[in-house]
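**Student:** Position 177 of the sequence shown, counting from 1, maps to 178 under our numbering, and the rest follow consecutively. This is the structure, below, for whatever I ask next.
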Amino acid sequence: MAHSVAVKTSGLALKASAFGLIVMASPALAAGDSKGGLPQLDFTTWPTQIFWLVVSFALAYVLMWRVVTPRIASVLEDRHDRLDDDMQRARQAADEAESMRVAFEKTLADARAEATEKTRLSTAAAVAEAEKKNDAAAKRLATKIGKAEAKIMEARDNALTELDDVAVTSAIDAAAALAGVKITKTDAKKAVKAAAKAMPAMEQN
């Protein structure tokens with residue numbers, strides 16, 4: 002577009018210059034036709050030629066100053082504005098790309114942090130559940146051990162009771178057989194208890 006405008010304005014300037022030269026040369030050509038010879042060497046036509054030469058260059062200068070130069074300046078200004086717009090759009094696109102990169106990195110960091118937190122919570126929940134199950138199993142085991150110990154104590158007490166009964170019966174039978182003395186069950190129990198208390202002291206001696 003700028004090239005076409007410059008070409009058009011240059012064409013106008015050339016046309017104006019050509020018009021001035023034609024106007025300037027017309028008197029010389031007329032004089033040459035009437036007198037013969039080379040008109041440009043006829044010194045009588047030089048003032049007219051110089052006048053029209055100055056007029057043609059003045060017209061060309063005015064045309065360049067008033068038409069061509071403003072149009073060229075306008076074209077250059079438009080091009081400068083377009084370059085500024087392009088640079089502005091490029092900077093805006095770069096800023097948007099940077100913003101998108103920052104947002105993507107933030108999203109990625111948030112996703113990693115969320116995944117880490119979920120993993121930590123899942124691990125903590127699994128550990129808590131395992132500890133809870135271990136505590137429940139320990140309580141059940143302690144209950145079973147307590148019941149087993151109670152049964153063992155009960156069986157021991159029953160065995161000791163039966164053993165005492167056997168000892169009492171044996172003491173009654175031994176007293177009757179050896180000494181011919183019949184003792185009561187109460188006396189036999191007292192004798193068995195006294196003998197049981199005396200046995201540890203005898204073992205220590």
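Idealized CB from N, CA, C, for every residue including glycine.
Where does residue 186 sit, in a helix, a strand or coil, going by DSSP?
**Tutor:** Here residue 186 sits in helix by DSSP.
**Student:** Whole angstroms are fine: how far does the CA of residue 196 sit from the CA of residue 189?
**Tutor:** Their Cα atoms are separated by approximately 10 Å.
**Student:** If we ignore side chains and look at the alpha-carbon of each, how far apart do residue 141 and residue 114 end up?
**Tutor:** The alpha-carbon atoms of residue 141 and residue 114 are separated by roughly 40 Å.
**Student:** Where does residue 147 fall in DSSP's three states?
**Tutor:** Three-state result, residue 147: helix.
**Student:** Considering only residues of the segment 33–79, which uninterrupted alpha helix (DSSP H) runs meet the minimum length of 4 residues and lie entirely inside it, listed in chain order?
**Tutor:** Segments of the alpha helix (DSSP H) lying fully in the segment 33–79: 47–64.
**Student:** Can you grab the Cα-Cα spacing for the pair residue 55 / residue 42, in whole Å?
**Tutor:** Answer to the nearest angstrom: the Cα atoms are 19 Å apart.
**Student:** I'd like to know whether the C-beta atoms of residue 183 and residue 177 end up nearer to each other than 7 Å.
**Tutor:** Yes, Cβ-Cβ distance for residue 183 and residue 177 is below 7 Å.
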